[in-house]
Structures are given as C-alpha cells and as structure tokens.
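Engineer: Under the UniProt record's numbering, the residue at position 3 of the sequence shown is numbered 3, and the numbers go up by one with no gaps. I have a structure I would like to understand better, so I am pasting it below and will then ask my questions one at a time.
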Amino acid sequence: MAPRYKDGDAVVAINGKWVAWSHTIFAYAAFISALIVGVALHYHKIVQNEHYGYPDEWFPSVSATIGDRYPERSFFQVFIAITSGPRFALVFLWYILTSRPNSTLPKLVAGVGIFRTLTCGGWTYVTSTDDHDWHDIFMISYLVATLPWTLGCLALSPNNRRAVKYRKIMAGLFFGTLVPLIYYFIQHKVHKIPGAYTKYAFFEWSLILFDVGFDAITALDFESFELVVRDVKGVSRGQLKTTADSVLEKEKGKSVGNTFGEGFFWTEIIDAASDVYNGFVFWTIVTALPVLVWYFPLWHMGISGYEVAIVCCTSPLLLVIPSLRYAAVKNLRLLHLASLVGLLAYRFQDPANRLFVTGFALATTCAAWTAGFFAERANSPRLEARIMAWGIGLIMSVVAKFACKTNNPLWPIVHAENGGWNKIGIFIALFAVLRSQRGSNTSGGDYLPASGKKGSSLLAGIGFGGLMFAIVSLLTDSSTMISWVWDGYPVRGPLAAPHGALTIFAMGAGLVYGIFHPAVAGSWTAFGLGSLGAALLTCYHHWTGYYGALALTFYIMAVAPVLIVSSVRHSPASTFGIGFIVYVFLLLFHVWVVAYAFVPGGPLVREHTDWLMITTMLSIGAGVFSAATSNSTRSRNKPVSPNSKRQRSYYIYVLAALQLLSVSVAYLRFPTNDYTPHHKEDKVVTAGIWTVHFGLDNNMWSSERRMRDVIGELELDVIGFLESDNQRIIMGNKDVTQFIAEDLGYYSDFGPGPNKHTWGSALLSKFPIVNSTHHLLPSPVGELAPAIHATLDMYGEMVDVVVFHSGQEEDPEDRRLQSEYLSKLMGDSPRPLILLSYLVTKPLEGNYNTYVSERSQMKDIDPTDWDRWCEYLLFKKLHRVGYARISRDTITDTEIQVGKFVIGEPEPENEMRIPEEMVPVGRRFPALFRGEGVRGHRYHVFDEPRYWQ
Numbered sequence: 001m002a003p004r005y006k007d008g009d010a011v012v013a014i015n016g017k018w019v020a021w022s023h024t025i026f027a028y029a030a031f032i033s034a035l036i037v038g039v040a041l042h043y044h045k046i047v048q049n050e051h052y053g054y055p056d057e058w059f060p061s062v063s064a065t066i067g068d069r070y071p072e073r074s075f076f077q078v079f080i081a082i083t084s085g086p087r088f089a090l091v092f093l094w095y096i097l098t099s100r101p102n103s104t105l106p107k108l109v110a111g112v113g114i115f116r117t118l119t120c121g122g123w124t125y126v127t128s129t130d131d132h133d134w135h136d137i138f139m140i141s142y143l144v145a146t147l148p149w150t151l152g153c154l155a156l157s158p159n160n161r162r163a164v165k166y167r168k169i170m171a172g173l174f175f176g177t178l179v180p181l182i183y184y185f186i187q188h189k190v191h192k193i194p195g196a197y198t199k200y201a202f203f204e205w206s207l208i209l210f211d212v213g214f215d216a217i218t219a220l221d222f223e224s225f226e227l228v229v230r231d232v233k234g235v236s237r238g239q240l241k242t243t244a245d246s247v248l249e250k251e252k253g254k255s256v257g258n259t260f261g262e263g264f265f266w267t268e269i270i271d272a273a274s275d276v277y278n279g280f281v282f283w284t285i286v287t288a289l290p291v292l293v294w295y296f297p298l299w300h301m302g303i304s305g306y307e308v309a310i311v312c313c314t315s316p317l318l319l320v321i322p323s324l325r326y327a328a329v330k331n332l333r334l335l336h337l338a339s340l341v342g343l344l345a346y347r348f349q350d351p352a353n354r355l356f357v358t359g360f361a362l363a364t365t366c367a368a369w370t371a372g373f374f375a376e377r378a379n380s381p382r383l384e385a386r387i388m389a390w391g392i393g394l395i396m397s398v399v400a401k402f403a404c405k406t407n408n409p410l411w412p413i414v415h416a417e418n419g420g421w422n423k424i425g426i427f428i429a430l431f432a433v434l435r436s437q438r439g440s441n442t443s444g445g446d447y448l449p450a451s452g453k454k455g456s457s458l459l460a461g462i463g464f465g466g467l468m469f470a471i472v473s474l475l476t477d478s479s480t481m482i483s484w485v486w487d488g489y490p491v492r493g494p495l496a497a498p499h500g501a502l503t504i505f506a507m508g509a510g511l512v513y514g515i516f517h518p519a520v521a522g523s524w525t526a527f528g529l530g531s532l533g534a535a536l537l538t539c540y541h542h543w544t545g546y547y548g549a550l551a552l553t554f555y556i557m558a559v560a561p562v563l564i565v566s567s568v569r570h571s572p573a574s575t576f577g578i579g580f581i582v583y584v585f586l587l588l589f590h591v592w593v594v595a596y597a598f599v600p601g602g603p604l605v606r607e608h609t610d611w612l613m614i615t616t617m618l619s620i621g622a623g624v625f626s627a628a629t630s631n632s633t634r635s636r637n638k639p640v641s642p643n644s645k646r647q648r649s650y651y652i653y654v655l656a657a658l659q660l661l662s663v664s665v666a667y668l669r670f671p672t673n674d675y676t677p678h679h680k681e682d683k684v685v686t687a688g689i690w691t692v693h694f695g696l697d698n699n700m701w702s703s704e705r706r707m708r709d710v711i712g713e714l715e716l717d718v719i720g721f722l723e724s725d726n727q728r729i730i731m732g733n734k735d736v737t738q739f740i741a742e743d744l745g746y747y748s749d750f751g752p753g754p755n756k757h758t759w760g761s762a763l764l765s766k767f768p769i770v771n772s773t774h775h776l777l778p779s780p781v782g783e784l785a786p787a788i789h790a791t792l793d794m795y796g797e798m799v800d801v802v803v804f805h806s807g808q809e810e811d812p813e814d815r816r817l818q819s820e821y822l823s824k825l826m827g828d829s830p831r832p833l834i835l836l837s838y839l840v841t842k843p844l845e846g847n848y849n850t851y852v853s854e855r856s857q858m859k860d861i862d863p864t865d866w867d868r869w870c871e872y873l874l875f876k877k878l879h880r881v882g883y884a885r886i887s888r889d890t891i892t893d894t895e896i897q898v899g900k901f902v903i904g905e906p907e908p909e910n911e912m913r914i915p916e917e918m919v920p921v922g923r924r925f926p927a928l929f930r931g932e933g934v935r936g937h938r939y940h941v942f943d944e945p946r947y948w949q
C-alpha cells in the first residue's frame with residue numbers, strides 16, 4: 001500500500017512567492033524585449049502612425065511594438081507563452097489563499113482571472129494585423145475583466161497591510177492613467193495633433209507596468225505558501241523536509257476583513273439586478289410617453305388634444321385616499337406587473353392606442369414606485385435599496401441608449417425590424433418583477449419617527465419635481481448635454497461617443513456619493529456647486545460647458561437620495577403627487593421655450609432656457625431646504641450594519657458592470673474618421689437635402705434604419721437633415737444622426753444645439769469637415785431659423801456647404817430677413833458652395849430671387865423644376881452634372897432631393913441637358929430607384945434623374 005500524502009518524502013519545495021516573481025519577470029521580459037528589438041531594427045516604422053512619423057512621433061505604442069513586425073513580435077509571444085504557466089498558478093494560489101466556506105466571491109474572482117489570462121492569449125496571438133476585429137474583441141474583454149479582477153483582489157486581500165497598501169497604489173495608478181490615456185488618444189485620433197500619440201504611448205506602457213505590478217504584489221501574500229513535490233511511492237531519493245502543511249493550515253484560518261468578501265450570495269445579487277431592471281423599466285416608460293405624445297402635434301401642426309396624456313404621471317395624487325394608499329403598498333407586485341403593459345404597447349399598430357396603453361403604464365408605474373418608496377420609510381436599508389435600484393435603473397437606461405445610439409430598445413416606437421429588443425425585454429421584466437417585488441409589512445399610514453421634524457411637504461414635493469425634470473431633460477441620454485456644448489468644427493469639446501461614457505460615470509459616482517455621504521450631498525455647499533455647474537452648462541460651449549455638465553450631473557444624482565428620503569416622511573400625495581405636477585409644469589415650460597410660435601402664451605418664455613434652468617435649480621433648492629429640516633434630527637453618522645453593507649455591495653456590483661459596459665460601448669463606437677466617398681475615382685460629390693421630421697415616421701415608428709438604407713442606396717456623400725433636433729423630453733432626448741453617421745461612415749455636425757431653441761439642422765459628410773459655424777438667422781416674430789455653414793475638404797479642394805431651414809409661411813418678414821442674411825453669407829464666401837435648404841417659397845418668385853441672385857452668386861440646380869415649395873438645392877462655382885427627386889414612402893412628409901457635382905472641373909458656360917446613356921457610369925444615379933423603385937422609394941415628379949453635360 002502506498003504511503004499517505006503526508007508520509008511521502010518531499011523532493012522539491014518552492015516558496016510560493018516565486019510564482020509571483022516568475023510571472024512578473026517573464027511578463028516584463030515579453031514587453032521590454034519586444035521594445036528593445038523593435039527600436040533597434042524598425043524604429044522609424046514602429047513610431048509611424050496614420051497621421052505622423054518621426055520626428056513628430058518618437059516613441060512607439062505597445063500595439064505597434066508587439067504586434068506589427070518580426071522578430072519583436074516573436075520575442076513577445078515566446079515570453080508571454082512562458083508567462084502563461086505562472087499566470088495560471090498565480091490565479092490558482094490566489095483562490096487557495098482566499099477561499100472559505102459559504103463564499104462565492106473567491107470563485108468568481110478566480111473565474112475572472114482565468115478568463116483574463118485566456119483573453120490575453122487572444123490579443124497576443126491574434127494581432128491587429130492578423131484580424132483587427134478579433135484582436136479588439138480580445139483586448140476589450142481583457143480590459144473589461146481587469147476591473148472586477150482588481151476590485152476582487154482588493155476585496156479579498158488577506159490582513160497584510162503592506163500588500164493592501166501597494167495594491168491600492170497600483171490600482172489607483174492603473175485607473176488614474178486611463179484618463180490621460182484616453183485624452184491623448186482623442187488628441188491623436190480626432191484632433192490629429194502631432195506628438196499626441198507619443199504621449200499616449202507613454203501612458204499605454206505605464207498601464208502595462210502597473211497591471212503587471214499589481215499582480216506582482218501577490219509575492220507578499222504567497223510567502224507563506226510552499227509548492228511541494230512529494231514522492232508518495234518512494235521512487236526518488238529525496239529527503240527534503242518542509243513545513244508546508246503547517247503553514248497552509250495556518251493561512252487557511254486567516255480571516256479577510258472586508259465587507260465585500262463576506263457572505264457573497266448569487267441569489268442576492270440576482271435580486272439586486274432584478275430591482276435595477278425594474279428601475280430601468282420605470283425610466284423606459286417615463287421617457288416613452290412624451291415621444292408618443294409628440295407624434296400628434298407633429299402631424300396636426302399644432303395642439304392636438306392628446307397632449308393631456310402627460311398628466312398620467314401625476315397618479316400618486318390618488319394615494320391621498322387612505323384605502324388606495326393601503327392597497328398600493330400591499331400590492332406592489334401587482335402594480336409593477338400591470339405597468340409592464342407599457343412594454344407591450346409596441347404590439348398596437350394604431351398610434352392612439354399605443355399612446356393610451358403607455359399612458360396607463362406610466363400612471364401605474366409612477367404609483368407603484370411612489371408606494372414602494374413610502375412603504376419602506378421606516379426601514380432605512382430597504383428604502384436605500386429602492387433608491388439605488390431607481391438610480392441605477394436610470395443609468396441602465398442611459399447605457400442601453402448609448403449602446404443603441406440614443407434609441408431605447410424597449411420603447412413603443414421600436415420593434416424587431418427597427419432595432420427593438422421588445423420580447424427579450426418583456427421576458428426579463430416579468431422575471432424581475434416576480435423575483436424582486438415583495439409585499440411590505442407597513443400599514444400604509446403616515447409615519448414620523450419620535451422627536452423628528454418633517455419640514456414642508458410642499459417644498460419637498462417641489463424639490464422632487466425639480467429633480468425629476470432635471471433627470472429627464474438632461475440625464476436620460478448621455479449625449480444631451482454634449483449637444484448643448486457642441487459648437488461645430490474643429491472639435492473643441494466632447495463627442496457623443498466616446499465621451500458619453502464620462503457622463504455615465506459621473507451619474508454613477510454621484511449616486512454612490514449621495515448614498516454614502518447624504519449629509520454632504522444635501523448641503524447648501526453642494527447645491528451651490530451644482531448651480532455653478534448648471535450656469536456653466538447654460539452659458540458656455542466646448543469643454544468649459546461640459547465640465548459644468550459633469551458637475552451638475554454628479555450633483556443631481558447625489559442629491560436624489562436626499563430628496564427622496566425627505567419626501568417619504570410625508571404623505572406620498574403631498575410630495576410625490578405635487579412633485580409630478582411640478583414636473584409636468586416644467587416639461588411644458590421646456591416645450592414652450594422652443595415651440596413658442598405654436599402654443600398660447602409662447603412668446604412670454606421664448607428662448608428662455610436660462611429661466612428654465614434657474615427654475616429647475618430653485619425647485620431642487622426648495623427640496624434641499626425641506627430635507628435640511630426633516631433630516632436635521634436624524635443620526636447621520638449612524639453605523640451601517642454588516643447586512644446593509646453587503647446589500648450596498650450588490651448594487652455597486654451591478655453599477656460597476658454597467659460602467660464597464662459603457663466603457664466598452666464607448667470603445668466600440670469611437671469614431672474611425674476613415675470615411676471614403678462613393679465615387680472617389682470620378683471625383684463626384686452626391687449631395688442631398690431631407691426634412692426628416694424628427695426621425696418619427698408617419699406610423700409613429702423610429703425611422704433611423706429606413707433612413708440609413710435609402711441614404712446608403714442613393715450613395716450620398718453629403719446630406720443635410722432638417723427638423724432633426726430630438727434632444728428634448730418630448731422627442732426622447734435622442735439624435736437621429738448618430739446611428740446613420742456611424743453605420744454608414746460619415747462625419748457629422750449637429751447644430752445649433754437644443755439650448756438654441758430651433759427645430760434643428762444637421763450635416764453628414766464623407767469628406768472631412770475642416771470648419772463649421774452655426775447660425776441663428778433673424779427671426780423677430782416666428783420660429784428660429786438654423787443654419788450650418790461648413791467647409792469640407794473634397795478631394796483636396798475646399799468647398800462650402802450650407803444647411804438651412806427657413807422660417808414658416810405665416811411670418812413673411814422673418815423669411816425676407818433670413819433670405820437677405822443667407823444671401824450675404826453665401827455671396828461673401830470665396831469658395832465653391834452648395835446650399836441644402838428648406839426655403840418656403842415658389843420657384844422664380846419672391847424670396848427665391850434673393851437666394852438666387854448676383855449678390856449670392858448662387859444658381860438653382862434646376863430652374864425648370866416648378867413643383868417645389870420647401871426644399872431647394874443651389875450651388876456656385878461647381879460643375880453640376882445631375883439632379884433627382886426621390887419619394888420618401890412613409891418615412892416622413894418630405895421627399896429627398898439630390899444633386900451630383902464634379903470637383904476639379906470648371907463650371908461650364910453653356911450647359912445642356914443630355915440623356916443618361918451619354919453620362920459616364922460613375923456620374924449616374926443608382927438604377928435601383930427606377931420604375932417602382934424599392935421599399936416605396938423611387939424617382940418621381942420627373943420619373944427619372946436629370947443630367948447635364
């Protein structure tokens with residue numbers, strides 16, 4: 001019989017620290033050897049990037065060093081292959097060190113460690129040269145896994161102060177380095193600044209040093225381990241004695257003093273995720289109803305009566321009736337289940353029915369969440385959990401829109417054909433409600449702790465209303481405030497992608513801060529800083545305005561828990577009910593400032609977003625005042641129980657996962673700036689104009705995908721969108737340009753922004769936008785007229801493009817002044833110019849003769865086209881070769897007009913119409929739209945394109 005394990009002689013015994021050291025040595029050797037060899041053999045090649053080379057760029061990036069050339073790539077791969085053994089051993093030893101009964105977290109961290117090791121092999125052996133997509137997938141997966149690995153190791157660290165200290169330092173350096181890394185990458189990729197990539201490379205190499213260094217610290221913990229090879233059958237002659245067993249037994253008993261590591265249960269984190277998903281459904285319904293309401297005045301060109309549906313959110317007023325309040329508190333699950341009909345609204349084809357169903361869902365979900373908050377007023381941990389679910393659910397909805405390019409995939413305006421995930425969303429929502437919603441033991445009556453002060457219920461309600469409006473108007477999409485501060489090219493501020501992830505991060509950080517430090521978040525100092533952020537956002541553009549936006553974002557999310565806790569100390573009808581009334585008032589105020597020409601009393605608040613922002617902040621301030629009174633007697637320094645800490649940790653895990661997802665989306669959506677015109681070899685520019693009616697089609701469906709298809713098939717190189725600004729509550733805070741621009745490969749310019757009170761204009765271009773200026777044309781009476789004046793680099797020649805929307809027919813003086821302004825603007829340009837416009841005039845009559853005049857130097861693309869009223873294509877100093885009109889099917893109420901121009905050829909003095917067969921193939925319009933066309937799009941009016949010699 002073979003001797004037992006303990007009885008065998010030890011052949012070899014190796015201290016565990018050498019696993020960590022060998023991993024560190026070989027990992028550093030892989031990168032450093034590749035760097036030395038690369039610099040020695042291919043220095044000028046590996047410092048070269050798509051924009052600059054030596055001497056502007058003089059230090060290579062990690063990817064250029066390890067993946068582009070032989071033999072440095074081979075050095076790297078050999079050493080990384082050797083590193084894999086110690087790496088797997090390191091993960092295994094870490095699991096042995098930290099595992100303990102009834103704890104799942106060590107297994108989770110070990111799984112992440114193995115996954116991270118495998119993905120490292122993926123991006124190592126599949127280089128960007130081999131397969132760029134898979135290289136990026138492995139790299140993103142590795143970086144995403146780094147956060148849970150780092151946090152998990154910190155959470156499970158044994159009681160070794162030295163090791164914990166170094167881990168915190170390395171983790172802080174690693175994540176702190178990401179900020180300048182991203183900054184300099186944007187400076188290189190977007191702004192094309194020479195030398196920026198070299199600075200980026202230094203931070204990239206620093207990440208490697210810190211990443212490997214973080215794992216090297218395990219040497220301090222593994223010193224108490226010995227790896228032993230025992231001869232259990234006496235084959236060898238080894239007589240080495242070791243104390244490994246006793247050491248291991250001693251280490252096994254060590255406790256891990258960290259809340260995150262104690263009692264981690266999958267069931268509880270599933271409950272937390274379910275709570276958050278319920279919050280996501282709430283925000284989906286809240287943001288969906290205004291979009292549906294908007295459809296009706298949009299098509300009625302005025303107040304339709306359906307606008308009254310927005311008052312559905314005031315359903316908490318019904319909780320003033322004690323019996324209804326009691327029933328709501330006792331039947332929360334039923335209320336949440338009933339609210340899910342809002343996710344089924346997409347099944348109704350009739351727009352009115354879709355609105356009614358969503359309105360019922362909104363009334364139900366507002367009542368359910370109000371009753372849920374009120375039910376837990378005497379149970380601080382559970383109330384905190386509901387607030388975190390509500391707040392993280394908001395962040396989840398923003399991440400979903402960020403991933404889907406500003407459309408919520410569960411809105412009633414989407415379905416499977418245009419990007420909806422409705423069926424999956426409903427299934428998960430049913431599971432989430434059944435899993436997380438439980439009855440409350442409270443009676444539903446009013447509650448006030450002994451010796452406590454309530455403050456004012458009216459002020460608390462006003463505060464909650466201001467909070468709701470601030471969130472819905474500014475924070476339900478990560479690109480809304482970015483569009484506020486965007487002011488044209490060159491880029492001098494944030495971009496929707498990737499900087500939307502910064503907005504999402506500020507939201508998460510603010511919420512967590514408000515939960516952990518409510519006294520500071522509810523202070524007047526914090527209110528002052530938040531108000532300063534609001535002022536910067538309202539008054540400034542570019543980065544200055546966006547820094548204000550981030551400060552305001554952080555404050556709004558931080559003060560939310562304070563205001564909600566204050567509100568639940570009163571009757572829900574007198575706080576949440578009044579709050580939603582204030583929200584409706586501010587929503588109408590928000591609409592009136594831009595729709596002043598179509599609503600009663602509109603001129604009183606015309607263009608006063610500043611008034612609206614002041615009112616919003618004063619409303620929040622009223623809530624802060626009430627909270628300061630009602631919370632003054634509460635013990636703000638009361639210790640948090642272990643169970644509450646563990647509960648918080650689950651929600652923070654969910655929040656961390658969402659933050660990781662937002663970073664991944666930002667990476668995937670990062671602009672490539674590698675766009676190619678459709679007929680580059682012929683130097684042809686195909687330009688179009690389309691009034692897109694806010695991306696909502698005739699049947700109330702989101703139309704971005706249908707728009708993308710026809711734009712791609714028309715082979716448009718430049719297109720102007722009008723009536724395209726959706727960055728308001730009633731339009732869902734979305735942007736029709738993002739999906740189309742990113743999917744088809746366009747530079748995009750959005751402007752003027754939503755804080756400039758227009759219905760919007762946008763420019764999409766396959767050509768680089770060298771410079772652009774946003775204009776608000778004279779509009780003393782009617783709606784504001786926006787214009788974008790951009791200079792594009794078309795095949796090496798600078799060409800101006802103007803996208804313009806004239807005022808409405810009812811205001812002739814506005815339109816006259818606008819025609820004179822634009823005529824001067826176009827006439828003053830020394831460059832060739834294309835006007836993509838909505839002029840509201842008949843051909844050859846009235847203001848037409850100001851736009852087409854000696855002063856403007858502009859020509860009509862086809863003066864014989866008599867069947868026009870709104871859309872016009874004008875040009876100067878260009879060779880026009882084609883013109884066509886394409887029907888829009890049910891996408892909008894306006895056709896697409898398209899012109900073709902050739903760059904580099906002089907404008908002929910005597911043009912003549914020619915048949916298509918005489919036109920070179922590269923200058924022809926697609927034959928796809930002839931006859932019946934495709935999907936309702938065809939050449940119409942002339943039934944064919946027109947061409948000129």
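A virtual CB, placed ideally from N, CA and C, is assigned to each residue, including glycine. A quick note: this is a predicted structure, and the numbers were derived from the prediction, not measured.
Could you have a look at GLU723 and say whether DSSP puts it in helix, strand or coil?
Structural biologist: The answer is coil: DSSP assigns GLU723 none of H, G, I, E or B.
Engineer: Can you find the residues in the same chain that come closer than 7 Å, C-beta to C-beta, to ASP221, ignoring five residues on each side of it along the sequence?
Structural biologist: LEU97, PRO158, ASN160 and ALA163
Engineer: Since GLU871 and THR892 are thought to touch, with beta carbons under 8 Å apart, how far apart are those beta carbons, to the nearest angstrom?
Structural biologist: Not a contact, Cβ separation roughly 11 Å.
Engineer: What are the uninterrupted segments assigned as alpha helix (DSSP H) that are 4 or more residues long and contained completely in the stretch 789-874, given in chain order?
Structural biologist: 812-827 and 848-851
Engineer: Which residues bound the beta strand (DSSP E) around TRP948?
Structural biologist: 946-948
Engineer: Could you check the C-alpha separation between VAL78 and TRP134 for me, to the nearest Å?
Structural biologist: 21 Å
Engineer: Less than 7 Å between C-beta atoms, sequence neighbours within five positions excluded: which residues of the same chain meet that for PHE26?
Structural biologist: PHE79, ILE82, THR83 and PRO86
Engineer: Out of curiosity, what's the CA-to-CA distance linking TRP18 and ALA171?
Structural biologist: Each residue's Cα considered, the two are about 22 Å apart.
Engineer: Who are the near neighbours of SER853 in its chain, counting only those whose CB is closer than 7 Å to its CB and skipping five residues on each side?
Structural biologist: SER823
Engineer: Between the C-alpha atoms of PHE92 and LEU178, what's the straight-line distance to the nearest angstrom?
Structural biologist: 28 Å
Engineer: Helix, strand or coil: which one does DSSP assign to ASN160?
Structural biologist: coil
Engineer: With a cut-off of 8 Å on the beta carbons, I'd call THR737 and VAL770 a contact; round off their distance for me.
Structural biologist: With 8 Å as the limit, THR737 and VAL770 do not qualify as a contact, their Cβ atoms being about 19 Å apart.
Engineer: Counting Cβ pairs, one atom from each stretch, are 3 or more of them under 8 Å apart for the stretch 583-596 and the stretch 721-733?
Structural biologist: The answer is yes - the stretch 721-733 touches the stretch 583-596, with three or more Cβ pairs under 8 Å.
Engineer: Are at least three pairs of beta-carbons, each pair with one atom in the stretch 669-685 and one in the stretch 384-394, less than 8 Å apart?
Structural biologist: no
Engineer: Just to confirm, is the Cβ distance from SER772 to GLY493 under 8 Å?
Structural biologist: no
Engineer: When DSSP builds the beta bridges, which residues end up paired with GLN897?
Structural biologist: Beta-bridge pairing links GLN897 to ILE689 and ARG885.
Engineer: Counting only the same chain and skipping the five closest in sequence on each side, list residues whose C-beta sits under 8 Å from that of ARG382.
Structural biologist: GLU376
Engineer: Could you pull the start and end residues of the beta strand (DSSP E) that ASP56 belongs to?
Structural biologist: That residue, ASP56, is in no beta strand (DSSP E); it is neither H nor E in DSSP.
Engineer: Just the Cα atoms here: how many angstroms apart are PRO106 and ASP215?
Structural biologist: 16 Å
Engineer: Check each candidate in ASP811, TYR746, PHE31 and ARG708 and name the one with the smallest Cα separation from ASN418.
Structural biologist: ARG708
Engineer: Return the CA-CA distance between LEU537 and ILE462, expressed in angstroms with no decimal places.
Structural biologist: 23 Å
Engineer: Using CA atoms only, rank isn't needed, just tell me which of PHE464, ASN849, THR476 and ALA363 is closest to ARG569.
Structural biologist: PHE464
Engineer: PRO906: which of THR850, GLN949 and SER523 sits nearest, CA to CA?
Structural biologist: GLN949
Engineer: Grab me the residues of LYS401's own chain with a C-beta within less than 6 Å of its C-beta, minus the 5 sequence neighbours each way, in chain order.
Structural biologist: ASN408 and ASP477
Engineer: Can the beta-carbon of GLY455 be found closer than 8 Å to that of ALA560?
Structural biologist: no
Engineer: Using C-beta distances below 6 Å, list every residue in its chain close to ALA403, excluding the 5 sequence neighbours before and after it, in chain order.
Structural biologist: VAL665
Engineer: Classify CYS539: buried if its beta carbon has 16 or more other beta carbons within 10 angstroms, exposed otherwise.
Structural biologist: A residue is called buried when at least 16 other Cβ atoms come within 10 angstroms of its Cβ; CYS539 does not meet this threshold and is exposed.
Engineer: Let's see if you can read the secondary structure: which residues bound the alpha helix (DSSP H) around HIS940?
Structural biologist: First-last for HIS940: undefined, no H or E at that position.
Engineer: For a quick check, are the C-beta atoms of PRO778 and GLN818 less than 8 Å apart?
Structural biologist: yes
Engineer: In terms of residue numbering, what span does the alpha helix (DSSP H) encompassing HIS300 cover?
Structural biologist: 266-300
Engineer: Can the beta-carbon of PRO194 be found closer than 8 Å to that of ASP56?
Structural biologist: yes
Engineer: Would you call HIS300 buried or exposed, if buried means 16 or more other Cβ atoms sit within 10 Å of its Cβ?
Structural biologist: exposed
Engineer: Are the beta-carbon atoms belonging to PHE76 and ILE66 less than 8 Å from one another?
Structural biologist: yes
Engineer: Tell me the rounded alpha-carbon separation between GLY545 and GLY528.
Structural biologist: 17 Å
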